[in-house]
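Asker:
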Amino acid sequence: MPPECNGKMTGNECQMEFDASNRSFSANFSNLVIHDNKRSVKKGSEIVADGKYALLFYTTAIYKGYAINCWALSLPIVVVVHDNQASKGWATITWDNAFSEIEREPFKVPERVHYIKLLETLNLRFAYYTGRQLTAENLEVLHKK
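Numbering (the UniProt record's numbering), first residue to last: 1 to 145.
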């Protein structure tokens, strides 16, 4: 099934750069903008920040006269239209990154996880932003919630 287009983009083309030190290619889309985003119909209590999307990157490389089509699908992203949606968007992406299976239907994640896994994820996110881990007391308070 081909990917479904959910909007239009500008600034979605750029020149790939090769880094000889680590033998990798990269592309920087510094002016990428999504226009006319078609959101799916919301179900029940679903909010805008719950809707996940992916970007499809593709290129054609020519090597010794042969065209090689290459593509990659991004990790899930959330499109928000106002800053007040950002925290819910980050929560959606954090849940997806922490609890999804490698081999899965796109965007499928469990609705519930064991509290230990959730506390580990919260601890990692906290440490990333603050440079220190949650204390045992912090974890206990979160566990009781």
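Backbone N, C-alpha and C fix where the C-beta goes; we use that ideal spot for every residue, glycine too.
Ordered along the chain, which non-local residues of its own chain (more than five positions away) have a Cβ less than 7 Å from that of CYS14?
Answerer: Correct list, in chain order: ALA27, ASN28, PHE29.
Asker: Tell whether a beta-carbon distance below 8 Å holds between VAL80 and ILE34.
Answerer: Cβ atoms of VAL80 and ILE34: not closer than 8 Å.
Asker: State the start and end residues of the unbroken alpha helix (DSSP H) segment that holds ASN97.
Answerer: It spans 86-99 - the alpha helix (DSSP H) in which ASN97 sits, taken as one unbroken run.
Asker: Let me check understanding here. Comparing Cα to Cα, which of ASN97, TYR63, THR60, ALA86 lies closest to SER74?
Answerer: Out of ASN97, TYR63, THR60, ALA86, ASN97 has the C-alpha closest to the C-alpha of SER74.
Asker: To the nearest angstrom, report how far apart LYS117 and ASN84 are at their CA atoms.
Answerer: About 27 Å.
Asker: Under three-state DSSP, which class holds ASN69?
Answerer: In this structure, ASN69 counts as strand in the three-state DSSP scheme.
Asker: Evaluate THR92 with the Cβ neighbour count: other Cβ atoms within 10 Å of its Cβ, from every protein chain shown; 16 or more gives buried, anything less gives exposed.
Answerer: By the neighbour-count rule (16 or more Cβ atoms within 10 Å), THR92 is buried.
Asker: Secondary structure at ILE102, three-state DSSP: helix, strand or coil?
Answerer: Residue state, collapsed to three classes: coil.
Asker: If we ignore side chains and look at the alpha-carbon of each, how far apart do CYS70 and SER24 end up?
Answerer: Approximately 15 Å between the Cα atoms of the pair.
Asker: Just the Cα atoms here: how many angstroms apart are ALA127 and GLY7?
Answerer: Going by the C-alpha atoms only, they are around 36 Å apart.
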